[in-house]
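Before any comments, here is the structure.
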Amino acid sequence: MKLIDGKQIAEVIKEEIKAEVAKYIDDYDVAPHLAAILVGDDAASDTYVSHKEKDCKSVGITSSIYRFSNDISEEELLRTIDFINDDEEVHGLIVQLPLPKHINVDRVISHIDPKKDVDGFHPLNIGKMMLGHPAFLPATPAGIIELLKRYNIETSGKHCVILGRSNIVGTPLSVMLSRKSKHANATVTLCHSKTTDIKEITLQADILIAAIGMPEFVTAEMVKPDAVVIDVGIHRIPAPNLLSGFRLIGDVNFDEVSEIASYITPVPGGVGPMTRVALLQNTLTAFKQMVRPS
Ligand code: NAP
C-alpha cells in the first residue's frame, strides 16, 4: 500500500504559487487578493475562514474578511457582494457556507461576479465545468484530480465509484472524472443514499472515492484488492488520551482498507490540504485573468 500524501503535495503546490505571486509582486508591485464573507458565529466556519486567511498569507496572497452577525439581512449581504464585485483590487470572493436560514444561498452565490467566484459554485462556472470549458472548479474535486495526477494514477478506462452526490464534491467530481480529457476518461458510478447493493458496486471500483459524511463507512470487505481509495470525509471523534481531546477520522476505515488498497489517502493529511490549496490556485488564476500586465 502506498500512502497518498496530500499534505506534502499541497506544500509543493504552495511553493509553486508562492514563487509565482512573488514574481508578480517584484515585477508589477501587485498581489492577488481574496475576500471572504463570514456570517454568524459558527465555530467550524470561523476555523475554516482562519485557515484560508493563514493559507493566503503563507503564499503572499492578500486576504480580507468581511464579518457579519447572524441577523444580517439578505439585502445587506447582496450589497456587500456588489461592493466587493466592483472593487478592482479584489480578485477572488468566497462566501463561507452555511448561511443563516433566512438567507437564500442560491441568490447569494449567483450574485458573486463569476470572474471572482473562486469557490466555483456560481451557476455559470458549474455550467462551464459541465461543458468542459475553462472555469473555476470546486476546490475538493479539483484537489482530488490534482492528487491523482501528481501520483500518476491512471484514470482513463478505469471504473471510478464515488459515494455521495453533494453539489460541492460527488456530483462535480463525477463530471470531471468522466470528461473526455487527460486525467479523466473514467467510467463513473455515482452512489447515494438511495443506491441499493452498494457493496456490490464498490467492489467493482478501480478507484473508490468516499464522500458521504459517515465515519468509517467503507470497510475492507467493500474494497477490491489493489483499488485506489480516496477518503474525503472528515469527522471529529473524542480521544480523551490526546491533548486536543479529539482525533480526526474519515469515511473509510483506514486500518482495514489500507491493508488491501494499492493507494490510500489518510485523514487528516489527504484530501483536506488539497482542498485548501485548490482555493489558492483558483485565486491566482482569477488574479491573472484580471490583471494582465502590459
Ligand atoms: P453531504 O452534503 O453531507 O452529502 C452526503 C452525500 O452522501 C449525499 O449525496 C447522500 O445521499 C450520501 N449518503 C449519505 N448516506 C449514505 C449512505 N448510507 N450510502 C450512500 N450514500 C449516502 O456531503 P459533502 O458535503 O460532500 O461531505 C461529505 C464528507 O466529506 C463530510 O464528512 C464532509 O465533512 C467531508 N468534506 C471534506 C472536505 C475536505 O476538504 N476533505 C471537503 C468537503 C467535505 P443523498 O444525496 O441521497 O442524501
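Residue numbers (our numbering): 813 to 1106. Where is the CB? At the ideal position from N, CA and C, for every residue including glycine.
Simplified DSSP assignment, three categories, for residue i
i        : result
Lys-866  : helix
Phe-948  : coil
Pro-912  : coil
Ile-849  : strand
Pro-1085 : helix
Pro-1050 : strand
Lys-814  : strand
Thr-1077 : coil
Thr-1031 : coil
Arg-879  : strand
Leu-1108 : Since the first and last residues shown for the chain are 813 and 1106, residue 1108 lies out of range.
Asp-858  : helix
Ile-1061 : strand
Asp-839  : helix
Asp-1038 : coil
Residue i CB to nearest heavy atom of ligand 1 below 8 Å
i        : result
Ala-1023 : yes
Cys-972  : no
Thr-892  : no
Arg-784  : Since the displayed the chain opens at 813 and closes at 1106, residue 784 lies outside it and no answer follows.
Gly-904  : no
Val-1044 : yes
Ile-1049 : no
His-1004 : yes
Thr-1001 : no
Val-930  : no
Met-988  : no
Leu-975  : yes
Ser-978  : yes
Ser-955  : Residue identity differs from the one stated: residue 955 is Gly in this sequence, not Ser. Under cutoff, so the answer is yes.
Ile-1010 : yes
Gly-982  : yes
Ala-855  : no
Gly-944  : no
Gly-969  : no
Phe-1099 : no
Gly-1081 : no
Thr-1031 : no
Met-1026 : yes
Thr-859  : no
Asp-1063 : yes
Ala-951  : yes
Thr-874  : no
Gly-1057 : no
Thr-1095 : no
Gly-1084 : yes
Contact with chain D by residue i, beta-carbon distance below 9 Å
i       : result
Ala-998 : Reference to chain D is not applicable here, since this structure consists of a single protein chain.
Nearest to residue i (by Cα), restricted to the options the options
i        : options                                : result
His-923  : Met-988, Ala-947, Glu-887              : Glu-887
Pro-1080 : Ser-1074, Glu-1071, Asn-1065           : Asn-1065
Lys-913  : Glu-901, Thr-1097, Asn-882             : Asn-882
Arg-1088 : Ile-1049, Val-920, Phe-880, Leu-949    : Leu-949
Val-907  : Asp-898, Glu-900, Gly-932              : Gly-932
Thr-892  : Leu-850, Ala-856, Val-861, Ile-1076    : Leu-850
Asp-1038 : Pro-1052, Val-987, Ser-990, Ala-1017   : Ala-1017
Ser-1070 : Lys-1100, Gly-904, Ser-870, Ala-1032   : Ala-1032
Cys-868  : His-1047, Ile-825, Met-813             : Ile-825
Thr-1095 : Leu-846, Ala-996, Pro-926              : Leu-846
Ala-822  : Leu-936, Val-1083, Ile-1061, Asp-929   : Val-1083
Gly-982  : Ile-1024, Asp-1009, Thr-1008, Leu-943  : Ile-1024
His-1139 : Ile-956, Ala-954, Leu-905              : What the structure shows of the chain is the stretch from 813 to 1106, and residue 1139 is not part of that stretch, so it cannot be assessed.
Pro-1027 : Met-1034, Asp-1043, Ile-1013, Lys-1036 : Asp-1043
Ala-1022 : Thr-999, Ile-1046, Asp-1009            : Ile-1046
Lys-864  : Lys-819, Asp-853, Ser-876, Leu-889     : Ser-876
Glu-901  : Glu-827, Val-842, Glu-958, Lys-814     : Val-842
Phe-1029 : Ile-1019, Thr-1014, Val-1040           : Thr-1014
Lys-814  : Leu-1055, Ala-1098, Pro-1078, Phe-880  : Pro-1078
Arg-991  : Thr-967, Tyr-1075, Ile-1019            : Thr-967
Ile-915  : Ile-980, Asn-937, Phe-880              : Phe-880
Glu-958  : Leu-936, Leu-985, Ser-978, Asn-979     : Leu-985
Gln-1093 : Val-871, Asp-839, Gln-820              : Val-871
Quick one: which unbroken beta strand (DSSP E) runs of 3-plus residues sit fully inside the segment 959–1029? Chain order, please.
971–975, 999–1003, 1019–1022
Could you give the uninterrupted runs of the beta strand (DSSP E) lying entirely in the segment 893–944, keeping only those of 3 residues or more?
904–907
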